[in-house]
Each structure stands twice: as structure tokens, then as C-alpha cells.
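Participant:
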Amino acid sequence: DAKTTQPPSMDCAEGRAANLPCNHSTISGNEYVYWYRQIHSQGPQYIIHGLKNNETNEMASLIITEDRKSSTLILPHATLRDTAVYYCTGMDSSYKLIFGSGTRLLVRP
Amino acid sequence: GAVVSQHPSWVICKSGTSVKIECRSLDFQATTMFWYRQFPKQSLMLMATSNEGSKATYEQGVEKDKFLINHASLTLSTLTVTSAHPEDSSFYICSASLGTNEKLFFGSGTQLSVL
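Chains P and C, in that order, give the protein sequences. Sequential numbering of the first sequence, starting at 80, is according to our numbering. Sequential numbering of the second sequence, starting at 6, is according to our numbering.
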């Protein structure tokens with residue numbers, strides 16, 4: 080089961096790319112990496128997930144290292160509305176999502 | 006994407022009363038739903054796994070008699086906080102997935118305040 084480690088906080092300028100790292104060195108071979116974000120007082124919002132290959136969708140890109148021990152979530156053009164807590168997580172063997180402490184991203188005007 | 010509806014959004018109750026929170030999957034069937042709680046400035050903590058037609062599975066340290074979970078249909082799970090006390094005040098969030106090892110969709114959460 081993946082235990083994840085993320086920096087507690089980061090900031091970036093509006094319009095610039097935000098790169099959020101995550102270490103998940105204990106991830107198993109068939110365990111997906113999921114990214115969610117939570118804006119204050121709301122439920123988490125799904126962003127993206129991946130297994131081995133890099134992934135991209137309308138919200139973000141996910142870069143997973145070849146050894147799968149870490150990944151980076153990229154928000155290509157951060158906006159003020161991207162200010163949130165970002166969680167990198169994986170499903171445990173019972174298919175439960177266990178959340179770590181996440182990264183609090185502040186997008187500056 | 007799939008929608009999970011949670012109701013109510015917030016509730017204030019007196020100490021000793023019970024509060025029921027509903028979680029509905031609006032456009033899909035969910036055999037499994039999950040309940041989380043979150044204290045201010047902390048991460049989400051998984052409380053229990055709700056299984057349709059069977060008993061819920063509780064995480065270590067979560068009192069099953071305190072937090073009653075019922076998953077009577079494929080689209081509805083309820084969490085009842087019984088005999089609520091001020092320390093039960095928290096943000097409760099439910100989630101559901103389209104299937105095993107599928108991404109979770111979350112409700113908007115319920116802020117419970119016990120006076």
C-alpha cells in the first residue's frame with residue numbers, strides 16, 4: 080500500500096505552471112496513483128490518476144517516474160481558483176483511498 | 006462525471022441528539038461507499054466502508070455503535086451520529102466509486118456542529 084509524502088505548502092504565480100511533487104516509494108506494482116484537491120469546506124475533487132504512463136486531461140498532467148516511487152502533478156497555467164489542498168494518494172489492498180496530509184497550494188495574483 | 010449528493014450541507018444539533026446524513030449516487034449504482042471525517046486544518050480520515058446489503062466495515066478506533074451506517078440500496082448510504090457530543094463536531098464526507106479500484110467521487114460534505 081502506498082504511503083505518500085508531500086510538501087506541506089507551495090505557492091506559485093497566477094498563469095505559471097504549478098508542479099506538485101509526491102513521493103510514494105511503497106507503492107505496489109498494480110496500485111494506481113490518484114490526485115485529488117480540496118477547496119475549503121468542500122468535498123475532494125478528482126483530478127487525475129495513473130499507473131505507469133504519464134497522463135494528461137483537461138485539468139492537469141501527471142508525470143510518474145519510471146520506478147513509480149514518485150510523481151508530479153502539473154497544473155500548466157495556474158489560476159486563483161486552483162488554490163486548494165492537493166492530495167496524492169493510492170488505494171490500499173481493500174480499495175480504500177487513504178489520504179495523507181497533502182500540499183496546500185497558494186496561487187498568487 | 007458521476008455525481009454524489011450529500012445532505013444536509015450543514016446541521017446544528019443539541020448534545021445528546023442523533024443526526025442522520027444521507028449520501029446518494031445520482032447517476033450510478035454504488036455497491037460500496039466510504040465515509041470520512043475531517044477536523045479543521047487536518048486531512049480526511051476514513052471512518053468506515055459502507056457495503057450495500059451487508060454490515061459496514063469500520064476503521065480502527067471508530068465506534069460502530071456511535072456512527073451507524075446503513076446502505077439499504079445501491080444509491081443510498083446513511084450515516085447516523087447517535088447521541089452526538091461537541092467532540093463529534095466535524096466535517097463528514099461520503100464518497101462512492103463506479104467499481105472496484107475505480108476513482109472515487111465525493112459528496113460536498115456535511116458540517117456538523119453539536120452544541
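No residue lacks a Cβ here, since even glycine has one placed at the ideal position from N, Cα and C. Model, not experiment: these values are computed from the prediction.
#1: Report the neighbours of P:V165 on chain C: residues whose CB is nearer than 9 Å to its CB, in chain order.
#2: What residues from chain C crowd round P:S140, counting only those whose CB sits closer than 9 Å?
#3: With burial defined as no fewer than 16 other Cβ atoms inside 10 Å of the residue's Cβ, what is the status of C:P91: buried or exposed?
#4: Whole angstroms is fine: what's the gap from C:D93's alpha carbon to C:S14's?
#5: To which residues does DSSP link C:H12 through a beta bridge?
#6: Who are the near neighbours of P:I118 in its chain, counting only those whose CB is closer than 7 Å to its CB and skipping five residues on each side?
#7: Note down the Cα distance separating C:L120 from C:L49, rounded to an integer number of angstroms.
#8: Between the region 110-117 of chain C and the region 121-131 of chain P, can you find at least three pairs of beta-carbon atoms closer than 8 Å?
#9: Quick one: is P:Q85 near chain C, going by C-beta distance under 8 Å?
#10: What in chain A is Cβ-close to P:K175, meaning under 7 Å?
#11: Cα separation between P:Y59 and P:Y165?
#12: Do P:V112 and P:G94 have their C-beta atoms closer together than 8 Å?
#13: Taking C:I98 as the query, report the chain P residues whose CB atoms sit under 7 Å from its CB, ordered along the chain.
#14: Classify P:D161 as buried or exposed, calling it buried when 16 or more other Cβ atoms lie within 10 Å of its own Cβ.
#15: Cβ closer than 9 Å: which chain C residues qualify as neighbours of P:H128?
#16: So the beta strand (DSSP E) C:G66 belongs to, where does it begin and stop?
#17: Look at the Cβ atom of C:A53, then the Cβ atom of C:F72, and state whether they are nearer than 8 Å.
#18: Could you work out which residues of chain C lie near P:S180, taking near to mean beta carbons separated by less than 9 Å?
#19: Could you spell out the range, first to last residue, of the beta strand (DSSP E) harbouring P:P100?
#20: So, with DSSP's three-state summary, where would you put C:E92?
Facilitator: Let me spell this out:
#1: Per the sequence shown, the amino acid found at residue 165 of chain P is Tyr instead of Val. Simply none; closest approach about 11 Å.
#2: Within chain C, no residue comes near P:S140; the closest Cβ sits about 17 Å away, beyond 9 Å.
#3: exposed
#4: 16 Å
#5: C:E27
#6: A163.
#7: 23 Å
#8: yes
#9: no
#10: Given the protein chain composition of this structure (P and C), no chain A is represented.
#11: Residue 59 of chain P cannot be examined here, being either before or after the span of chain P that is shown, 80 to 188.
#12: no
#13: G122
#14: buried
#15: Per Cβ cutoff of 9 Å: K108.
#16: Note, C:G66: premise wrong, no beta strand (DSSP E); not H, not E.
#17: Against a cut-off of 8 Å, the Cβ pair of C:F72 and C:A53 comes out as a contact.
#18: For the C-beta of P:S180, the chain C residues within less than 9 Å are, from N- to C-terminus, Q47, S48.
#19: 97-102
#20: The answer is helix: DSSP assigns C:E92 an H, G or I state.
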